[in-house]
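Input: a single structure, listed below in structure tokens.
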Amino acid sequence: MTNFLLFFLAIFLLWLGAEAVTKAAIKIAKSLALSESFIGLTIVAVGTSFPEIVISITGAIQNLRGEETSQIVIGNVIGSGMANLALILGILGIFKVIKLKKTELLLDMLMLVMSTSIFYLVSQDGLITAQDGILLILFYLIYLLFLNRQNFKKQLLFFKQKKFKKKKLKKIKLAYLLQLIFGLIILTKASQMVLNNGVIIAENLGINEMLVGILLLGLGSSLPELMVSINAALKGSVDLSLNNLIGSNILNVFLALGVSSTISTWEVSRQVVSFDIPYLLFTSIVAVLFLLSKNKFERNESLLMIALYLIFIALKISGF
């Protein structure tokens, strides 16, 4: 009973943290002339992906000590990816019809599919090694370079055209930065509470490690993305909510798996290589087609994305 109470308390704290992060990110984007897309794909995405990154690194350290954590960590990355793309994106579309700017999303969508494809390729031999991890990290750094290139001219023009009082600018930036850090700390701590108590609940119910990773850890660690994305969308910041989801999925593969695999090699089961990752890739492609086919993401498409998630979960529970 105590674990259930702590679990729901953590969910409430996730909402508080998400509110702080969303407000701070939007203010920082406006004050520095950075696009909301850039903020969502970097600061907010990294912050809300902390649970996946922390889980993966902690699991890698435990793996080095002889504890088998490959299934739960890989399951977490896949489960979180499915929750972000199918469940949360679907819920977003039900809350509000999302109007899109295809030109701004193109690079992000391509990188989303590419990151999942690379995840599939490096897993083919059943291992994700340190060399694979370095490759994943390099891909993310290249991606960030492209993002900076797109925003550099806009930011330079902003500072040239606008005159600031340095003292006032510093005060504004510090206030927003403190708010952002405060929100990220709450998100991280609350996510840990969700995951820790979720694992205990799962163990008491006798769920295996892969299902724990996909169901409780994957869904639980995606709660920050859910809170941040819904808050941002309801406030009209569609770019921030979409790019937060996309950026988080890219980070889960490139950083969570990338950094952790440089610490310890991950073993990937044949079932994961033949079904789980391809299903995640298929879901990514479907999401991309929906997002890029027209200028809005409608409720019918949202329901289909949720159906893809529920089918995946049903198949995993049935032992597929």
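With this note's numbering, the residue at position 45 of the sequence shown is 90, and numbering never jumps.
Glycine is no exception: its CB is placed at the ideal position from the N, C-alpha and C atoms.
The model shown is predicted, which means the values in this text are computed figures rather than measured ones.
{"Query": "Leu302 - containing alpha helix (DSSP H), residue span", "Result": "Segment: none, Leu302 is in no alpha helix (DSSP H) and carries neither H nor E."}
{"Query": "Leu50 - containing alpha helix (DSSP H), residue span", "Result": "47 to 76"}
{"Query": "Cβ distance (whole Å) where Ala131 is taken to contact Met272 below 8 Å", "Result": "Contact flag wrong, Cβ pair sits at about 17 Å."}
{"Query": "Residues that Ile362 bridges to, as DSSP identifies them", "Result": "DSSP output for Ile362 lists no bridge partner at all."}
{"Query": "Under 8 Å between C-beta atoms of Leu59 and Asn242", "Result": "no"}
{"Query": "Contact belief for Val318 with Gln116 at Cβ below 8 Å, rounded distance in angstroms", "Result": "That belief does not hold up - the Cβ atoms of Val318 and Gln116 are roughly 13 Å apart, past 8 Å."}
{"Query": "Integer Cβ distance of Ile139 from Ser347, believed to fall under 8 Å", "Result": "5 Å"}
{"Query": "Counted within 10 angstroms of its Cβ, other Cβ atoms place Ala65 as buried (16 or more) or exposed", "Result": "buried"}
{"Query": "Same chain, Cβ closer than 8 Å to Ile252, five either side skipped, listed in chain order", "Result": "Leu260, Leu261"}
{"Query": "Length of the line joining the Cα atoms of Leu61 and Thr47", "Result": "21 Å"}
{"Query": "Host alpha helix (DSSP H) of Asn121 (start-end)", "Result": "115 to 127"}
{"Query": "DSSP-derived helix/strand/coil call for Ile226", "Result": "helix"}
{"Query": "CA nearest to the CA of Asn129, picked from Ser306, Ile106, Glu97, Ser101", "Result": "Glu97"}
{"Query": "Counted within 10 angstroms of its Cβ, other Cβ atoms place Phe209 as buried (16 or more) or exposed", "Result": "Reliability of the predicted coordinates at Phe209 is poor, the pLDDT of 47 falling under 50, and the value obtained from them is presented with this limitation in mind. Under this definition Phe209 is an exposed residue."}
{"Query": "Residue from Val298, Leu229, Leu54, Ile136 whose Cα sits closest to the Cα of Asn121", "Result": "Val298"}
{"Query": "Segment contact flag, the segment 154 to 174 with the segment 316 to 332, C-beta cutoff 8 Å, min 3 pairs", "Result": "yes"}
{"Query": "Alpha-carbon to alpha-carbon, Asn249 and Phe164", "Result": "32 Å"}
{"Query": "Backbone secondary structure at Lys234 - three-state DSSP", "Result": "helix"}
{"Query": "Host alpha helix (DSSP H) of Val371 (start-end)", "Result": "It is not possible to answer for residue 371, since the shown part of the chain is limited to 46 through 365."}
{"Query": "Three-state secondary structure (DSSP) of Phe209", "Result": "Per-residue confidence for Phe209 stands at a pLDDT of 47, beneath the threshold of 50, marking its modelled position as unreliable; no derived number is given."}
{"Query": "Expected contact under 8 Å - CB spacing of Leu402 and Ala63 to nearest Å", "Result": "Residue 402 cannot be examined here, being either before or after the span of the chain that is shown, 46 to 365."}
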